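Numbering of the sequence shown is given in this note's numbering, commencing with residue 927 and proceeding in unit increments. Backbone N, C-alpha and C fix where the C-beta goes; we use that ideal spot for every residue, glycine too. Since we're looking at a predicted model, the values are computed, not measured.
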Amino acid sequence: MGPVEQAVRDDIRELGDLVGVEPTLSEMAYRLAREIDGASTAECETCGEPIPAQEDSRSLPQLNRELRQTLAQLLEGRAADDDDDLGDLGSPD
């Protein structure tokens, strides 16, 4: 597991229980993160050392956009459910 996928998994774990379409969105995010990690480096066929993956790096910006959008959708659903009954204590009404 690469660093982007690990970070996404940690972030989604922080959300707690997933409901509705959240499990699907989280799986999409994991897959996109895995693809980003894979596009970031490749392995030299001769020596096995990591090298930048030139042909995959062209898709990296698109993968980044898709991951950001997927995570935003996941968080957007959470923001709508975050009703705090005591959140308006500071207002005079």
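Residue i and residue j: beta carbons closer than 8 Å?
i: ALA965; j: SER985; result: yes
i: ARG1004; j: LEU951; result: no
Let me make sure I understand the geometry here. Which of the options has the alpha-carbon closest to that of residue i?
i: ARG957; options: GLU1002, GLU971, GLY1003, ASN990; result: ASN990
i: LEU997; options: THR972, GLU961, GLU948; result: GLU948
i: GLN988; options: ARG935, GLU961, PRO929; result: GLU961
I'd like the span of the alpha helix (DSSP H) that includes residue i, first residue to last.
i: VAL945; result: No alpha helix (DSSP H) holds VAL945; DSSP gives it neither H nor E.
Measure the beta-carbon distance from residue i to residue j and round it to whole angstroms, keeping in mind my assumption that it falls under 8 Å.
i: LEU1000; j: ALA955; result: 7 Å
i: ASP963; j: GLU992; result: Contact doesn't hold; Cβ gap of about 14 Å is too wide.
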